[in-house]
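Undergrad:
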Amino acid sequence: MSTYKITFATLISNYAVVETLTPTDVAVGQAITVSSVSASFNGSQTVYAIPQYRFIGIDSDGDLEYDFNEPIANQVLYYMVAADVTRYAIIPQGSLVYTQTCSWITGPNVATWLGIDLAGADETAFHTQCANAANNFIYLRRQESGYTDSLSSSPGTQVTLATTMYAGALYRQRGSVDQFASFDAMGNVPTTGLSPIIKQLAGIPRPAVA
């Protein structure tokens with residue numbers, strides 16, 4: 179869960195815009211909770227846009243309009259039916275809470291991939307921990323590469339496999355700082371947690387296109 183301070187707020191044509199003190203990891207389509215602003219802004223909301231310029235309303239077709247001469251950083255826009263509110267400073271500052279829990283794979287998926295049929299309570303808990311870590315890690319890496327994914331369902335079987343493989347790599351590195359455990363006395367085993375095949379399946383990093 180991440181909490182950000184809200185410094186300014188605007189509401190025009192049933193679209194609310196809040197500005198945060200620092201950049202956020204929030205993406206379009208994700209859920210946020212706004213509090214300590216006013217009744218016109220507070221509540222659980224779904225992000226509609228992340229504007230880079232000042233929002234000035236909607237056109238006759240219902241499209242959002244911006245003043246491209248006035249860039250404003252750290253904005254989050256969402257739909258909110260309420261009377262218009264001119265942009266004003268929030269004093270004391272409000273809060274924007276963003277909770278992202280990705281659930282593409284589970285502990286049993288990791289156990290199956292590892293070929294572990296039976297496991298005790300401690301192993302089962304560690305499978306789940308590895309799955310949760312892999313879910314959030316791959317989700318964030320894809321988000322950094324420009325993808326907009328659902329938190330509840332994987333964008334594809336290839337991404338599911340990449341996430342499972344990464345969770346399996348985390349499990350196999352149990353008790354090791356930076357690599358798989360090994361009994362090889364001839365030297366260290368190279369780190370293979372985020373291998374090229376995992377990156378390829380996950381689509382990260384996305385190639386830059388001119």
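Read left to right, the sequence shown gives residues 179 to 388 (my numbering).
Quick reminder that beta carbons are idealized off the backbone N, C-alpha and C, glycines included.
It should be emphasised that the depicted structure is a prediction, and the values quoted were computed from it without experimental measurement.
#1: Hey, would you say V225 sits closer than 8 Å to G240, going by beta carbons?
#2: Tell me where the alpha helix (DSSP H) around L379 begins and ends.
#3: Quick one, are the C-beta atoms of Q223 and I210 less than 8 Å apart?
#4: Assuming I382 and R319 make a contact with CB atoms under 8 Å, what is their CB distance in whole Å?
#5: By how many angstroms is the C-alpha of I250 removed from the C-alpha of F218?
#6: Mapping DSSP to helix, strand and coil, what is A388?
#7: For A261, which of A267, G235 and I294 has the nearest alpha-carbon?
#8: So if DSSP puts S213 in a beta bridge, which residue, or which two residues, is it bridged to?
#9: For the stretch 306–323 against the stretch 262–272, are there 3 or more C-beta pairs whose distance is under 8 Å?
#10: Restricting to runs no shorter than 3 residues, where is the beta strand (DSSP E) found entirely within the stretch 226–295?
#11: A194 bridges to which residues according to DSSP?
#12: Using a Cβ-Cβ cut-off of 7 Å (strictly less than) and excluding sequence neighbours within five positions of A388, which residues of its own chain qualify?
#13: Less than 6 Å between C-beta atoms, sequence neighbours within five positions excluded: which residues of the same chain meet that for N192?
#14: What does the Cβ neighbour count give for Q378, buried or exposed, with the cut at 16 atoms within 10 Å?
#15: Determine the direct distance from the alpha carbon of F246 to that of V195, and round the result to whole angstroms.
#16: Note down the Cα distance separating Y344 from Y317, rounded to an integer number of angstroms.
TA: According to the structure data:
#1: No.
#2: L379: member of the alpha helix (DSSP H) spanning P374 to A380, first to last residue.
#3: I210 sits close to Q223, with the two beta carbons spaced by under 8 Å.
#4: About 5 Å; that satisfies the 8 Å criterion.
#5: The residue you asked about is not Phe; residue 218 is Ser in the sequence shown. Straight across, the Cα-Cα distance linking S218 with I250 is about 21 Å.
#6: Per-residue confidence for A388 stands at a pLDDT of 42, beneath the threshold of 50, marking its modelled position as unreliable; the derived number appears in the next sentence. Per DSSP, reduced to three states, the secondary structure at A388 is coil, with no helix or strand assignment.
#7: Comparing Cα positions, the closest option is G235.
#8: S273, per the DSSP bridge assignment.
#9: Result no; under three Cβ-Cβ pairs closer than 8 Å.
#10: When DSSP assignments are scanned along the stretch 226–295, the uninterrupted stretches of beta strand (DSSP E) that are 3 or more residues long and fall wholly within it turn out to be 231–236, 242–249, 253–257 and 263–276.
#11: DSSP, once it has assigned bridges, lists L189 and Y256 as partnering A194.
#12: With a pLDDT of 42 at A388, under the threshold of 50, the modelled position of that residue is not reliable, and no figure is offered here.
#13: In its chain, beyond the 5 residues on either side, V259 have a beta carbon closer than 6 Å to the beta carbon of N192.
#14: Note on Q378: under 16 other CB atoms within 10 angstroms of its CB, so exposed under the neighbour-count rule.
#15: Spanning the alpha carbons of V195 and F246 requires a straight line of approximately 16 Å.
#16: Using only the alpha carbons, I get a separation of about 12 Å.
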